[in-house]
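Novice: Below is one structure. I have some questions about it.
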Amino acid sequence: MNIVVPVKMVPDLVEELEVDATGRALDRSFLKLRINEFDEHALEEALLLKAKHGGTVTVLALDTGEVDETLFTCLAKGADRAIKITGQFQDGVSSHAAAAVLARVLGSIPHDLILTGVQAADDRDGQVGILLASTLDLPHVSVVSGVEPAAGGKAVTARQEYAGGIMAELEVDLPAVLGIQAAREAPRYAPVSKVRQVMKTQKLEEVAAPAVEVGAGSTVSRLAKPETGGRAEILEGSPEEVADRLVAILAERGFAKR
Amino acid sequence: MANDIAVVIEHLEGKVADISFEMLGKGRELAKASGGQLLALLLGHGVKGLAAELGCADGVIVSEHETLRHYTPEAHKQALAAILKARAPRVTLVANTAMGMDLAAGLSGSLGWSLCAYCRDARLTDGRLTAVSQIYGGKLLADADVEGPSTILSILAGSFPAEAGKAAGNPRVEEVPPPPLDKPRIRFKRLIQPEAGDVDITRQAVLVSVGRGIQSKDNIPVVEELAQALGGALSASRPIVDQGWLPKTRQVGKSGMTVKPKLYVAVGISGAPEHIEGMRGAELIVAINTDPNAPIFNVAHYGVVSDLFDVIPLLAEKLKASK
Amino acid sequence: MVPAREVFRNFPAPLIVAFYLLSALAILVFCYGAWLRIRKYRRGRPAHRTAHLWRRLGGAATSIGSHSTLTKRNVATGVAHFGIFWGFVALFIGTVIIMIDYDMVRLVNPAWRFWRGTFYLWYSITLDVLGAAFVVGLGAMMARRWWVRPGALDYSRPDRAAGSYSRAGYVADDRLFLWLLFWIGLTGYLVEGLRITADRPAFERWSVVGWQVANLFDLAGVTGFANPLHLAGWWVHALLALAFVAYIPYSKAIHMVVDIANLLFKDERAGKRLPAVPEGAEAQGYETLADFTWKELLDLDACTKCGRCHTACPARASGAPLSPRDLILELREHAEATLGGSSWLHETSGREGNGKVAGGVIKAETLWACTTCLACVEACPVGIEHVPLIVQLRRRLVGEGALDANLQGVLEKLGRYGNSFGQSERLRGRWTQGLPFKVKDARKEPVEYLWFVGDYASYDPSLQELTRAVARVFQRLGLDFGILYDGEKNAGNDVRRVGEEGLYQLLVEKNLAVLGKAQFKEIITTDPHSYNTLRFEYPEFGGAFRVRHYTEVLGERLAAGRVPFARRLEGVATYHDPCYLSRYTEVTEAPREILKRLGLMLVEMGRNRANSFCCGAGGGRIWMGDTRTPGIPTPSEQRIREALEIPDVRYFVVACPKDVTMYRDAVKTSGHEGRIEVKELIELIEQVLE
């Protein structure tokens, strides 16, 4: 099975996110990018499927900056190919544009199954995986947390998660796109020495992005921190004092006796 | 038609999801501004009866077929695409849920309509549509001017009051058969229910919830003590359940349960939007976290910035002593 | 009559020949066994332990001669072994003397024979006295092993279920060794006594013990049969001795030779300075025994199962599945099974081999339980270096991705943010905001002392007030100091000890890049872990600076007395030596001097200085899930209990940020809040200044 895993870099939410002077975009000067956590799960699921059922795993990424180390890490984890799609992407790409670019690039890459993270923190105009599937007219299922080959390799069984812990088991013909919520095991660790070794011994493939005329369909007019209309009353003091205060508050509301 | 507002009704096992009512309420508001009709789109098999609950809408378009009995992204998308292409409403509201995601982005791709996801709000003023999306894990809100004669907005649960969508009314029901789907590429196999847990957290009046701050499975008994002292039950955020430290039936959040207890104590939970979605309706929320900037403090009523191991055992002790 | 003794007294010629033949046989069996062992060691990689050979020889001679490593904290046992050792040496040399005199000199020129006269008299008394020490020492050891039964000699394993292994073989080997030596010693005296009672030459009074044994024989009335008994006894003694010689390389007796070599080739920096992965090496860490160095293979044979490391280990003491002793013994069994050079008596167990050493022969949970406190290496009287082995095996586990989930998360955070808390680099200097002055940025201006703060002190909210206290005290005492702010990354000590060597080197590179551009005279640190790696390991990567702990620098300043004390403190305090300050960097007196200068009455816990007991956080353990047996107190809880044994103790003083967290928690979880206060030394210093 040829599995393709498109990954993307997203702003690391650990850092304070600031809005730039225009008030419409992120201040990218202190921004740190990291791989979308769900894409890590998608890669892990792909690697586990390959280990169990054979095949190849190809990772793709648009060059939004800081993407090399991520691609090398994917290779160190066991991916067979890593392709960097070069272009003017440093200021971010809309999901629609990204999907259009990926769709064109995929034309020359054999793909039976496309696994990608279910969503990313900057998916304002929708999820890349689903948009990609629509462009390629492939069946797609999101919020998947269990993938198994079925029907003699012509389809896969995917489990889609709903609220309340309920799941639906669906059979999907290949080729297809699945949005992975969680891999069956936690994403593996790539030892730094292995990544460095891969950096020395392997090269990333590069492909120039084809020009696409696709926009997000909406333009941001304002980017701002949400007004925290309600903010908790913070109880101060030693643990002893805080605990006493809490007991008092709870007692007032009938959850405890004084 | 061109000014209509369409709402895709989400339902499972005969029950209309609350988010659908939230969207209807908002849809009604948008329809007033656009001067068009509010249409509810109901897909399935044997679901016509649900139309009675959708009184808030002006019209309900029902598409029934065996292939739509169980939700699958392909069949539902295809049926909706046909209806939407024909009606071309100004705005189509879809739930930002597992079912809705495939539909919203899938329709955007297929129909070529613009899409704004993770919407918390939308405004239609003088024919201009503004959508407010919550992005970067809830840290920022983006207001966007939306293009196109038709657009799709995917709405986050908990954005609007569900009550506004539960109005009584007598919408006209239109039956529209879906286009034929001979060889569906996605086939429903079965629905898997979560293992019957000992406790139904949606029925508990008091919940004490643990998050990553608990650090280790061995520390859960510390919080269990507090739950017992309060006469409540233990629940958890997703990471705890993913690690197997508590069963899935205890999960609060987007892909877990939505709970509305009288008291919700969030212990070591940072407050990711997916979790908050599941508990923001609680009457009294107390949060304990070492990070003063944790988003949980934005929804909590009372907060303690401290190591949970400092406060929880003390609190449990005092509550027990006072009994 | 010239004092002398007849060799082969009353022997018919065939018996003499038989003796020489049997001796040759015994020696051959010995040589074969020795060769098998040497061949095993030669399978190991080179180890470069022969530098400064003369200094090594001198050092080994002193420590072995004085038995300093054995008498350390265990005087009675050390003295008993001292007697056994010197007795054996004397008896051995005595036999060699006879051989040289009889088998060599006599054949060249009988007039040159020297084993007679005054020499013989001194020879007799020396051997009799030391031989007695030998026998008495053995008797003491027997009493200790079979009557006192100390915990150190309990062979039950914490890393295997009871019943899945049997150490009856070890017990049999111990018994055989003790009794064989004992009977050799005893029969020696019996034979001597029989000879003396038969001949009674007056000069044999110099054989002080033998003469008395002869008297006993007279009392027993066997003097009449002395000669045949003497011949028989001589043979029993000879056969036992020859059997022993042959048996040496196939039993625990091998330690007599191996341990001398082991102490000769020990690395003083074992554990403190870990070996880097050789350039270009594909795999990290040890996969099979072929990766072990010859010194490590020698280590495996050096173990005498004395149990000192076993009792010192904090992991074992708190129910974790790790005993340093059993790690070494398990590896020894594996080495004997795969490389030869085996002992005759073994442990038996249902070992399922999966071919791997790390995660196979030695379980992963055993390897992860280690806190790298170095107590095992410090306690070992024969120079075994357990900790570097554990790290090499951990490297393999990391290479395979076989990590505890918590640990993986922390390593990923360290890789991405340079700190174990997963917080932004930009927040590293945030703790300075509570100070009434600006702390210099050592990246931008020269400073005298570059303060390497450390992760915990910088990011842990419950410790930041202490970090500010350090800054205030530095300021008050007039130190010209600065910090690296965002430029500082985790020094990497525990990352290296967890086995992520690649990440360690990455952190070192980043730190050295920043340090290289800064101007400073020396590095001062408040974190003992960082201290160790900065001082002992960074030089290999190009970073050679003077590094000291804050107690060393402040000790100087306080001693100079230029800042007056506003008050003195009162009360009984006990000081807990952090592992990385005591065993690793050997800074034990500076903190104590400060404590006393502050006015506190310092009372030591039983385990102090190099024998301090670990809090349990090191070696990355603070980043991992708990693997101990529930119900058994944690190492830190045990330590608090130890402190509480001191009457009226008020303060438990520490000098390491992780110790503060661990012991504050331990005081709470063991229910002793209010009874004893955990204080960082800096808090006490700040209290007296102003």
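Residue numbers (the working numbering), protein chains in the order written: chain A, 1 to 258; chain B, 259 to 581; chain C, 582 to 1271.
Using N, Cα and C, we set each Cβ at its ideal position, and we do this for glycine too.
Keep in mind it's a predicted model, so treat the numbers as computed, not measured.
1. Residues of chain C with a CB under 8 Å from the CB of B:S474: which are they?
2. Tell me the DSSP bridge mates of B:Q392?
3. For chain B, find out if any of its Cβ atoms is closer than 9 Å to the Cβ of A:T157; answer yes or no.
4. Output the boundary residues of the alpha helix (DSSP H) element that contains B:I546.
5. So C:V1020 packs on C:I1064, CB below 8 Å; how close in whole Å?
6. Take B:A487 and list the residues in its own chain whose beta-carbon comes closer than 6 Å to its own, dropping the five residues that flank it on each side.
7. Could you say if the stretch 929-944 of chain C and the stretch 972-989 of chain C meet the contact criterion of at least three C-beta pairs nearer than 8 Å?
8. Going by DSSP, name the residue or residues bridged to B:M359.
9. Among the candidates B:G364, B:Y522, B:S580 and B:V562, whose CA atom is the shortest distance from the CA of B:A463?
10. Does the beta carbon of A:A51 sit closer than 9 Å to a beta carbon anywhere in chain C?
11. I want to see whether chain B comes within less than 9 Å of A:A42, judged by CB atoms only; does it?
12. Is it true that the CB of C:Y1085 sits closer than 9 Å to the CB of C:H1157?
13. In terms of residues, what are the limits of the beta strand (DSSP E) holding B:Y522?
14. Apart from the five residues on each side of it in sequence, which residues of its chain come closer than 8 Å, Cβ to Cβ, to C:L552?
15. With a threshold of 9 Å between beta carbons, is A:A182 in contact with chain C?
16. Have a look at B:D401 and B:V390 and give me their C-alpha separation to the nearest angstrom.
17. For C:W1032, does the three-state DSSP call read helix, strand or coil?
18. Determine, for C:V1248, whether the minimum Cβ-Cβ distance to residues of chain A falls below 9 Å.
19. Let me see if you follow: with CB-CB separation under 9 Å, is A:V57 close to chain B or not?
20. Tell me which residue opens and which closes the beta strand (DSSP E) that C:Y1156 is part of.
21. Using the three-state DSSP reduction, which class does B:V480 fall into: helix, strand or coil?
22. Count Cβ pairs between the stretch 692-700 of chain C and the stretch 753-769 of chain C that sit closer than 8 Å; are there 3 or more?
23. Just to make sure I have the definition right: I need the residues of chain A whose C-beta is within less than 8 Å of the C-beta of B:Y522. Which are they?
24. Quick one: list the residues of chain A neighbouring C:R997, beta-carbon separation under 7 Å, in chain order.
25. Quick check on B:L373 - is its C-beta less than 9 Å from some C-beta in chain A?
26. I want to see whether chain A comes within less than 9 Å of B:V544, judged by CB atoms only; does it?
27. Around the C-beta of C:W1204, are 16 or more other C-beta atoms found within 10 angstroms, so that it is buried, or is it exposed?
28. Taking buried to mean at least 16 other C-beta atoms within 10 Å of its own C-beta, is C:R1222 buried or exposed?
29. Of the choices B:L308, B:G294 and B:A344, whose alpha-carbon is the least far from that of B:E268?
30. Sort B:A333, B:G364 and B:D379 by Cα distance to B:L288 and report the nearest one.
31. Would you list, in chain order, the members of the stretch 188-213 of chain A that have their beta-carbon closer than 9 Å to a beta-carbon of chain C?
32. Cβ of B:K520 within 9 Å of Cβ of B:L492?
33. Identify which residue in B:F418, B:A344, B:Y329 and B:G529 has its Cα closest to the Cα of B:A260.
34. In the structure shown, what three-state DSSP assignment does C:F758 receive?
35. Which same chain residues, not among the five before or five after C:G712, have their C-beta less than 8 Å away from its C-beta?
36. Looking only at its own chain, which residues have a Cβ that is under 6 Å from the Cβ of C:A1247, when we skip the five neighbours before and after it?
Specialist: The relevant details are as follows:
1. N987, G1206 and D1207
2. B:L399
3. yes
4. Looking at the DSSP string, B:I546 is not in any alpha helix (DSSP H); the run it does join, the beta strand (DSSP E), is L542 to N547.
5. 6 Å
6. A574, L577 and K578
7. yes
8. None; B:M359 has no bridge partner.
9. B:Y522
10. no
11. no
12. no
13. L521 to V525
14. The question about residue 552 of chain C has no answer, for chain C in this structure spans 582 to 1271.
15. no
16. 4 Å
17. strand
18. no
19. no
20. V1153 to Y1156
21. helix
22. no
23. Within 8 Å Cβ-Cβ: nothing; B:Y522 doesn't reach chain A, min ~11 Å.
24. R34
25. yes
26. yes
27. buried
28. exposed
29. B:L308
30. B:D379
31. R188, Y189, A190, P191, V192, S193, K194, V195, R196 and Q197
32. no
33. B:A344
34. helix
35. G668, A671, L672, G766, G769, Y770 and V790
36. S1217, E1218 and I1221
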